[in-house]
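Have a look at the structure below before the remarks.
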DNA sequence: TTTACAAATGAACGTTCATTCATGTCAATT
DNA sequence: AATTGACATGAATGAACGTTCATTTGTAAA
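Residue numbers (the numbering used here), protein chains in the order written: chain Z, 1 to 199; chain S, 200 to 398.
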C-alpha cells in the first residue's frame, strides 16, 4: 500500500552515501547493512547482489537527470537561452544530488558490461543534447567555438566539478553558485552574459 | 649505477595503469605482481605496502605537474597571457599523463590521512596559482567574472576532464585539442581569444 | 673464493569479502 | 485458528585480500 519498502530505500540511502565517500570497491555489504541497522544477509531480500545496488542508483539518477534537465529545454528558444537553461538546471540538479552525481561520474568503471553499455548510451544522449545546442549557436555565429564536441565535453566537466567542492550546508548560496557557472559556461562558448537584475 | 631499480619502475608502471583503470581498491597486489611478472611478496622488497605505491605515484605526479605548469609562468606577462600559458601547459601535461591525472583526481579519498593532507596542500597551491591570475585579470577588468575562486575551480574541472575522453592514439591531434581548451578557458573568464595564425 | 646483500620465491598467516541458507518472526489473508 | 509470505536473523561457505617470512638465487665487493 505504501508503494515502496522502507528498508529498500534505507539501503539505497546508505549505499549512496558510502559509495560516494569511499567508492564502490571501498564499501562492503557489511558496512551498508550496519548503516541500515540490519544483518548483511538481509540486504539480499531487497537486492540480488552488490552490483545491483549500484545499477539501481545509477539508473534512477540518470532518469531524474534527464527529467530535470533535458525535459525542461524548450526548442523554440534561442541557442543562448537554451544553453542557459541547460546549465542552470544541470548545475542545480548537481548541487541537489551531489552523491548521485559523484557516483555516476566515478563508478562507470565499476559497472559490469551490460549495465555499463546501458548507462553509457543514456549519457551519450545527454551529451548529444548539449552538443545540439552548441551546433545551433555555432551555425548562427552567436557562439564562438572551434569544436562543438570538445566544447560540449568541457562544459560538462566544468559543471560536474561543482559536486567536488560545493556543499549546501556551506557559506555560499546555491543561487549564486549556479549563476557563476551560467556565466562561465555562456562565456566559454563566446556568448555574452547578462547578470540578473539587482533588486 | 643506473640510479633506479628496473623492477621498482615496472611496479610503478603496472600500478599506474591498473589504478587508473579499476581504481585503487579495485586492484590487488597479486594483479600488480602478475603484470610485472613477479610473485606478490616480491613487491614488498620495493614498497613497504600498497598504500605507499599510491602515495609514490601521486607525489611524483604533483611534482611534475608543478614543474611543467607553475614553473613556466612568467610573472611579467599580462593576466591573459599568463592564463593562456597556464591552460596550455596544464592541458598538455594532462594529455601526456592521463593515467596519473586520473588517479590524482579519483583517489584522493583512498589516501590515508597523512598522505591526504600533504597532497591536498600541494593541490591547493596549484589552485591558488590559477586564482592569483584570475584575481589580477579581474582587478584590471580584462576578465569578466563574478567569483575568481569558483571560476578557478571550474577551469580546473574543465581542463581535468580531457583525460576522460582524449587518447593520443585517437584521431585528433594534441595541438588542436589544447587550442580548443585554451579558447574555452580564456572565453570562460570573458577574455578574448585570438586563434593562432594559419600558415 | 669467500662474503655480503639485494631481489625473488612460494607457501603461509589471519582477516575480510560477497553470498547462501536454514531458521525464526510477525502481520495479513484465508 | 490456520496458512501464507515477506522480512530478518546469525551462522556458515569458499574465495580473495594485504602482508609476512624462511629460503633460494644471482651478482658484486672483499
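Just so you know, even glycine gets a beta-carbon here, dropped at the ideal spot from N, CA and C.
Assuming contact is defined by CB atoms lying nearer than 8 Å, are residue 144(Z) and residue 371(S) in contact in what I supplied? For the purposes of this step, residue 144(Z) is taken as residue 144 along the first chain, with counting starting at 1. For the purposes of this step, residue 371(S) is taken as residue 172 along the second chain, with counting starting at 1. It is not a contact, given that the beta carbons lie outside the stated cut-off.
Using beta carbons (cut-off 8 Å, strictly below), is residue 25(Z) in contact with chain S? The residue given as residue 25(Z) occupies position 25 in the first chain. Output row for residue 25(Z): interface = yes.
Which one of 76(Z), 8(Z), 130(Z), 37(Z) has the shortest CA to CA distance from residue 88(Z)? Translated into positions along the first chain, residue 88(Z) becomes position 88. Answer by Cα proximity: 130(Z).
Measuring straight from C-alpha to C-alpha, what distance separates residue 9(Z) and residue 109(Z)? Working through the first chain from its first residue, we reach residue 9(Z) at position 9. Working through the first chain from its first residue, we reach residue 109(Z) at position 109. Cα-Cα distance, rounded: 24 Å.
Ends of the alpha helix (DSSP H) at residue 38(Z)? The residue given as residue 38(Z) occupies position 38 in the first chain. Following the DSSP letters along the chain, one finds residue 38(Z) in no alpha helix (DSSP H), marked with neither H nor E.
Work out the CA separation of residue 295(S) and residue 275(Z) for me, nearest whole Å. Because chain Z in this structure spans residues 1 to 199, residue 275(Z) falls outside the shown range and cannot be described.
Tell me whether residue 342(S) sits in a helix, a strand or coil according to DSSP, three-state version. Here residue 342(S) corresponds to residue number 143 of the second chain, with the count starting at 1. Assigned with DSSP and collapsed to three states, residue 342(S) falls in coil, not helix or strand.
Quick one: does residue 227(S) have its CB under 8 Å from some CB of chain Z? In the second chain, residue 227(S) corresponds to position 28, counting from 1. No, its Cβ sits nowhere closer than 8 Å to a Cβ of chain Z.
Under a three-way DSSP split, which group does residue 26(Z) fall into? Walking along the first chain from the start, residue 26(Z) turns up at place 26. In the structure shown, residue 26(Z) sits in a helix (DSSP, three-state: H, G or I).
Where residue 394(S) falls: helix, strand or coil (DSSP): Locating residue 394(S) in the second chain gives position 195, counting from the first residue. In the three-state scheme derived from DSSP, where H, G and I count as helix and E and B as strand, residue 394(S) is classed as coil.
Extent of the continuous alpha helix (DSSP H) to which residue 151(Z) belongs: Position 151 of the first chain, counting from 1, holds the residue named residue 151(Z). Per DSSP, residue 151(Z) belongs to the alpha helix (DSSP H) from 148-160.
C-beta atoms of residue 251(Z) and residue 17(Z) nearer than 8 Å: In the structure as shown, chain Z begins at 1 and stops at 199. Residue 251(Z) is therefore absent and cannot be evaluated.
Among 64(Z), 159(Z), 34(Z), which has the Cα closest to the Cα of residue 181(Z)? By 1-based counting over the first chain, the position of residue 181(Z) is 181. Comparing Cα-Cα distances from residue 181(Z) to each of 64(Z), 159(Z), 34(Z), the minimum goes to 159(Z).
Within 10 angstroms of its Cβ, does residue 195(Z) collect 16 or more other Cβ (buried), or is it exposed? As a position in the first chain, residue 195(Z) is number 195, starting the count at 1. The residue is exposed, with fewer than 16 neighbouring Cβ atoms inside 10 Å.
8 Å Cβ cutoff met for residue 336(S) and residue 278(S): To locate residue 336(S), count along the second chain from 1; it is residue 137. To locate residue 278(S), count along the second chain from 1; it is residue 79. In this structure, residue 336(S) places its C-beta atom within 8 Å of the C-beta atom of residue 278(S).
Does residue 58(Z) have its Cβ less than 8 Å from a Cβ in chain S? By 1-based counting over the first chain, the position of residue 58(Z) is 58. With 8 Å as the cut-off, residue 58(Z) does not count as an interface residue toward chain S.
Quick one: using the 10 Å Cβ neighbour count with 16 as the cut-off for buried, is residue 300(S) buried or exposed? Position 101 of the second chain, counted from the start, is the residue given in the question as residue 300(S). Result: buried.
Minimum Cβ-Cβ distance from residue 314(S) to chain Z less than 8 Å: Reading the second chain from its first residue, position 115 is the one you call residue 314(S). Not one chain Z Cβ lies under 8 Å of residue 314(S).
Under 9 Å from the C-beta of residue 177(Z): neighbouring residues of chain S: Here residue 177(Z) is taken as the residue at index 177 of the first chain, counted from 1. What residue 177(Z) touches in chain S: 346, 349.
Start and end residues, alpha helix (DSSP H) containing residue 377(S): Position 178 of the second chain, counted from the start, is the residue given in the question as residue 377(S). Counting along the chain, the alpha helix (DSSP H) containing residue 377(S) begins and ends at 373-387.
Buried or exposed: where does residue 248(S) fall if 16 or more other Cβ atoms within 10 Å of its Cβ makes it buried? As a position in the second chain, residue 248(S) is number 49, starting the count at 1. By the neighbour-count rule (16 or more Cβ atoms within 10 Å), residue 248(S) is not buried but exposed.
Once the 5 residues before and after residue 298(S) are set aside, which same chain residues still bring their CB inside 7 Å of it? Locating residue 298(S) in the second chain gives position 99, where the first residue counts as 1. So the qualifying residues of the chain are 215, 216, 219.
Same chain, Cβ closer than 7 Å to residue 184(Z), five either side skipped, listed in chain order: Translated into positions along the first chain, residue 184(Z) becomes position 184. Around residue 184(Z): 158.
Quick check: the Cα distance between residue 64(Z) and residue 205(S), rounded to an integer number of angstroms? Translated into the one-based positions of the first chain, residue 64(Z) becomes position 64. Translated into the one-based positions of the second chain, residue 205(S) becomes position 6. The alpha-carbon atoms of residue 64(Z) and residue 205(S) are separated by roughly 50 Å.
The alpha helix (DSSP H) spanning residue 247(S) covers which residue range? Counted from its first residue, the second chain places residue 247(S) at position 48. First-last for residue 247(S): undefined, no H or E at that position.
Assuming residue 112(Z) and residue 51(Z) are in contact, meaning their beta carbons sit under 8 Å apart, how far apart are those beta carbons, in whole angstroms? Position 112 of the first chain holds residue 112(Z). Position 51 of the first chain holds residue 51(Z). In this structure residue 112(Z) is in contact with residue 51(Z), their Cβ atoms being roughly 6 Å apart against a cut-off of 8 Å.
Taking residue 368(S) as part of the alpha helix (DSSP H), name the residues at either end of that continuous run. If you number the second chain from 1, residue 368(S) lands on position 169. Here residue 368(S) belongs to no alpha helix (DSSP H), and DSSP marks it neither H nor E.
Chain-ordered residues of the segment 281-306 of chain S with a beta carbon less than 8 Å from chain Z: For the segment 281-306 of chain S, the residues whose beta carbon sits under 8 Å from a beta carbon of chain Z are, in order, 305.
So, is the C-beta of residue 122(Z) closer than 8 Å to a C-beta in chain S? Residue mapping note: residue 122(Z) aligns to position 122 of the first chain, counting from 1. So, not an interface residue.
Hey, is residue 338(S)'s beta-carbon within less than 8 Å of any beta-carbon in chain Z? Taking the second chain and counting its residues from 1, the one referred to as residue 338(S) is at position 139. Residue 338(S) has a beta carbon lying at 8 Å or more from every beta carbon in chain Z.
Quick one: what does DSSP say residue 78(Z) is sitting in, helix, strand or coil? Looking up residue 78(Z) in the first chain gives position 78. In this structure, DSSP gives residue 78(Z) a state outside helix and strand, which the three-state scheme calls coil.
For residue 242(S), count neighbouring Cβ atoms within 10 angstroms of its own Cβ and tell me buried if that reaches 16, exposed if not. Residue 242(S) sits at position 43 when you count from the first residue of the second chain. With 16 or more Cβ atoms within 10 Å of its Cβ, residue 242(S) is classed as buried.
Local conformation of residue 311(S) per DSSP, three classes: On the second chain, residue 311(S) is found 112 positions in, with the first residue counted as 1. Assignment of residue 311(S) by DSSP, reduced to helix, strand and coil, places it in the coil class.
Taking the C-alpha atoms as reference points, what is the distance between residue 289(S) and residue 325(S)? As a working note, residue 289(S) is residue 90 in the second chain. As a working note, residue 325(S) is residue 126 in the second chain. The alpha-carbon atoms of residue 289(S) and residue 325(S) are separated by roughly 11 Å.
Of all Cβ atoms in chain Z, is any one closer than 8 Å to the Cβ of residue 249(S)? Position 50 of the second chain holds residue 249(S). So no, residue 249(S) is outside the interface.
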